[in-house]
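**Student:** Mind having a look at this structure? Questions to follow.
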Ligand SMILES: [Zn+2]
Ligand SMILES: [Zn+2]
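Residue numbers (this note's numbering): 1308 to 1551.
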């Protein structure tokens, strides 16, 4: 990984991956402070299950209406930043950066996304055993060259001192890009798209599933269900950003 980053520094002069500001010779950061400061936090209070916004702050209910009506397969989901789709119009915003990254147009931003994780993760490693990235289909992986979820998962695993397992969850069916469709459409789109080919490695394990963006939660729900069906004990979800 270190050699890879050195090569990237050589190929891509050190500039802010979001706004393009020049860093001079300081190549240790990928995103400038003013771009990091633009990140929108998630609006409180948050649902203790899916990490999404609550309809109201009143009462004792700690789950949102959707989680109360249909509890997800995952134990809990947490994110760092709000992904406001309209912010994609600002090329220096995190949503624009993720979008450029997702469609393979700017491979230098892989490490930049990790910088948006900030100093402390909203996660407790105490009840987790391993980190697993949401996989890409191999065709898209070949086209894009790398999986941004795996880059984030590496950084999360490093910080939590947990092992990362990339082969325990695979994408067996290419799915249509999930631009902002309805939750039910998205669930249909990802159904049976994943497989857990190494059940012995995940049996009884508590897994932290990592992706770059959570939209309706359909993808992580399907991943969680696949891992649980294969014998995992529990699945938590962590994404850098969440569409709201
Ligand atoms: Zn910047
Ligand atoms: Zn919820």
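From the three backbone atoms N, C-alpha and C, an ideal C-beta is built for every residue, glycine too. Just so you know, these numbers come straight off a predicted model, no measurement behind them.
Report whether the distance from the Cβ of residue 1339 to the nearest heavy atom of ligand 2 is below 6 Å.
**Tutor:** As a first step, residue 1339 must be located in the chain shown, where it is residue number 32. No; taking the cut-off as 6 Å, the Cβ of residue 1339 has no heavy atom of ligand 2 nearer than that.
**Student:** What residues does ligand 2 have around it, judged by CB closer than 6 Å to any heavy atom, in chain order?
**Tutor:** So the residues near ligand 2 by this Cβ test are 1354, 1356, 1357, 1359, 1370, 1371, 1373, 1374.
**Student:** Using the C-alpha atoms, what's the distance from residue 1547 back to residue 1424?
**Tutor:** Here residue 1424 is taken as the residue at index 117 of the chain shown, counted from 1. Here residue 1547 is taken as the residue at index 240 of the chain shown, counted from 1. Rounded to the nearest angstrom, the two C-alpha atoms are 7 Å apart.
**Student:** Comparing the CB of residue 1351 with every heavy atom of ligand 4, is any distance shorter than 6 Å?
**Tutor:** Only ligand 1 and ligand 2 can be found as ligands here, which leaves ligand 4 out of the picture.
**Student:** Tell me whether residue 1388 counts as near ligand 1, meaning its Cβ is closer than 6 Å to at least one heavy atom of that ligand.
**Tutor:** Your numbering for residue 1388 matches position 81 in the chain shown. Checking the Cβ of residue 1388 against ligand 1 gives no.
**Student:** Please work out which residues of its chain come closer than 7 Å, Cβ to Cβ, to residue 1490, disregarding the five sequence neighbours upstream and downstream, and give them in chain order.
**Tutor:** Position 183 of the chain shown, counted from the first residue, corresponds to residue 1490. Around residue 1490: 1523, 1525.
**Student:** What is the DSSP secondary structure of residue 1386, reduced to helix, strand or coil?
**Tutor:** Reading the chain shown from its first residue, position 79 is the one you call residue 1386. Reduced to three states, the DSSP call for residue 1386 is strand.
**Student:** Output needed for residue 1399: all residues of its chain with C-beta closer than 6 Å, excluding positions within five of it in sequence on either side, in chain order.
**Tutor:** One-based indexing of the chain shown puts residue 1399 at position 92. Once the five neighbours on either side are set aside, the close Cβ partners of residue 1399 are 1325, 1326, 1342.
**Student:** Going by C-alpha distance, which of 1407, 1473, 1360 is nearest residue 1388?
**Tutor:** If you number the chain shown from 1, residue 1388 lands on position 81. Measuring from the Cα of residue 1388, the nearest candidate turns out to be 1360.
**Student:** Jot down the residue ranges of each uninterrupted beta strand (DSSP E) in the stretch 1392-1444, minimum 3 residues, whole runs only, in chain order.
**Tutor:** As far as the stretch 1392-1444 is concerned, its whole beta strand (DSSP E) runs of at least 3 residues are 1437-1440.
**Student:** Is it the case that the stretch 1525-1540 contacts the stretch 1365-1374, given that we only count it when at least three CB pairs across the two stretches are under 8 Å?
**Tutor:** At 8 Å Cβ cutoff, the stretches do not touch.
**Student:** If you check the beta carbons only, do residue 1420 and residue 1515 fall under 7 Å apart?
**Tutor:** Here the question's residue 1420 lines up with position 113 in the chain shown. Here the question's residue 1515 lines up with position 208 in the chain shown. In this structure, residue 1515 does not lie closer than 7 Å to residue 1420 by Cβ.
**Student:** Measuring alpha carbon to alpha carbon, tell me which residue in 1382, 1385, 1353 is nearest residue 1370.
**Tutor:** Within the chain shown, the letter at position 63 stands for residue 1370. Residue 1353 is the option with its Cα nearest to residue 1370.
**Student:** By how many angstroms is the C-alpha of residue 1544 removed from the C-alpha of residue 1505?
**Tutor:** For the purposes of this step, residue 1505 is taken as residue 198 along the chain shown, with counting starting at 1. For the purposes of this step, residue 1544 is taken as residue 237 along the chain shown, with counting starting at 1. Those two C-alpha atoms are separated by around 20 Å.
**Student:** Which residues does DSSP list as the beta-bridge partners of residue 1548?
**Tutor:** For this step, residue 1548 is matched to residue 241 along the chain shown. DSSP output for residue 1548 lists 1388, 1520 as bridge partner(s).
**Student:** Counting only the same chain and skipping the five closest in sequence on each side, list residues whose C-beta sits under 7 Å from that of residue 1510.
**Tutor:** Numbered from its first residue, the chain shown carries residue 1510 at position 203. 1538.
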